[in-house]
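As you go down the protein sequences, you meet chains P and D in turn.
Numbers 1 to 74, taken from this note's numbering, label the letters of the first sequence in order.
Numbers 1001 to 1202, taken from this note's numbering, label the letters of the second sequence in order.
Built from N, CA and C at the ideal position, the CB exists for glycine as well.
For reference, the structure discussed in these notes is given below.
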Amino acid sequence: MSGAFRQSSAHAPDSSSLEDEDGQEGGANLSPLVVEAVGKALQAHFRAISDMPLPDRLLVLLAELEARERNSDS
Amino acid sequence: MSVIVTAEAKATAVKSPPSADRSAAFRDGLIREMRDLRAFAVSLSGSFHVADDLLQETLLKAWSNADSFIPGTNMRAWLVTILRNTYYSQYRKRGREVSDTDGIYSSRLATPPNQEASVDMADFQVALSKLAPEHRDVLLMVGASGLSYEETAEICGVAIGTIKSRLNRARAKLADLLGIKEASDLGMGSVSEAVVRTQSAG
């Protein structure tokens, strides 16, 4: 069978040991679609947490700090 | 010009009476940032318990150092700086590096009854926690918190090129851990399909 083995499109060898100054390579040639998918998953994770209400202990602390602030202003 | 407070800026900032520093704008800004900052803290530490401790300390530090915040600069960057420094100086040194995955699984109690969502969150956090700290940090700062390369470089104390490089590696590693692959590798037409397929595969 001819042509059974074909090189994939020319990707630079993985120079993962190098950290160049302009950061263009960074050791991986990531598809923009993969970058997008990672970004969306990360942001969804973040949003899931930030959508949660703050725990009571933090609300209480905020209220205490605000109260002290008001008292010191008077 | 630095967008976050440097020692130099601190020294030249006009000192005003303590009570006047914590203006309504400062307090409002702080409160507005709290939930996103909590997301950062949880993702950084891998534990809701540690995150809330961190958040409490950060809030107190921010409050008592209000005069070192320059109005008009990025409060998020300022808060992330405080929180991250607190984490690394206190929590990492004490060896509290174990992810509290149980805490994140049990968060289903606090979230809407969407079991899948909390399992996904825990799985994602496990992947995040497997990244090298410097890789995870840039992802959380640039990719999730929306800080600029410049701000992130300043917080981490490295060159912008290093941030870009770390970001690239972090994404590659996370994609690998999550099983996100090139669509062409799976013989599929879209990455979204690929993501769905790899998630259902476990």
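- Per DSSP, the unbroken alpha helix (DSSP H) holding M1034 of chain D starts and ends at 1024 to 1045.
- Non-local C-beta neighbours of M1141 of chain D in its own chain, meaning closer than 6 Å and more than five positions away in sequence, comprise L1147, T1152, ordered along the chain.
- Taken through DSSP and simplified to helix, strand or coil, K1173 of chain D comes out as helix.
- Residue nearest to K1130 of chain D within the set D:R1084, D:Y1091, D:V1042, D:L1177 is D:L1177 (criterion: CA-CA distance).
- Linking S1047 of chain D to G1143 of chain D through their CA atoms gives a straight-line distance of about 20 Å.
- Distance between L1059 of chain D and A1132 of chain D, taken at the CA atoms: about 27 Å.
- Residues I1160, I1163 of the same chain have their beta carbon placed closer than 6 Å to that of Y1149 of chain D, with the five preceding and five following residues left out of the count.
- Taking 8 Å as the cut-off, the Cβ atoms of L1139 of chain D and L1079 of chain D do not count as close.
- Interface criterion not met: the Cβ of S1045 of chain D is under 8 Å from no Cβ in chain P.
- When CB distances to chain P are screened at a threshold of 9 Å, the residues of the region 1049 to 1076 of chain D falling below it are A1051, D1052, L1055, Q1056, L1059, L1060, W1063, in chain order.
- Per DSSP, the continuous alpha helix (DSSP H) segment holding Y1149 of chain D begins and ends at 1149 to 1156.
- Burial check for S1145 of chain D: the Cβ neighbour count within 10 Å reaches 16 or more, so the residue is buried.
- Flagged as an interface residue toward chain D: E69 of chain P, by a C-beta distance shorter than 8 Å.
- In the three-state scheme derived from DSSP, where H, G and I count as helix and E and B as strand, N1168 of chain D is classed as helix.
- Interface criterion met: the Cβ of F1124 of chain D is under 8 Å from a Cβ in chain P.
- Classified as exposed, L59 of chain P has fewer than 16 neighbouring CB atoms from the shown chains inside 10 Å of its CB.
- Bounds of any alpha helix (DSSP H) do not take in T1073 of chain D, whose DSSP letter is neither H nor E.
- Spatial neighbours of A1170 of chain D in its own chain (CB-CB distance under 7 Å, excluding positions within 5 residues in sequence) are listed in chain order as L1131, H1135, R1136, V1138, L1139.
- Counting only Cβ-Cβ distances below 7 Å, G1143 of chain D has contacts in chain P at G39, L42, in chain order.
- In the DSSP annotation of this structure, the continuous segment of the alpha helix (DSSP H) that includes S50 of chain P starts and ends at 32 to 50.
- Nearest C-alpha to D1123 of chain D among P:L33, P:A44, P:L30: P:A44.
- Chain-ordered, the chain P residues with CB closer than 7 Å to the CB of E1182 of chain D read S31, V34.
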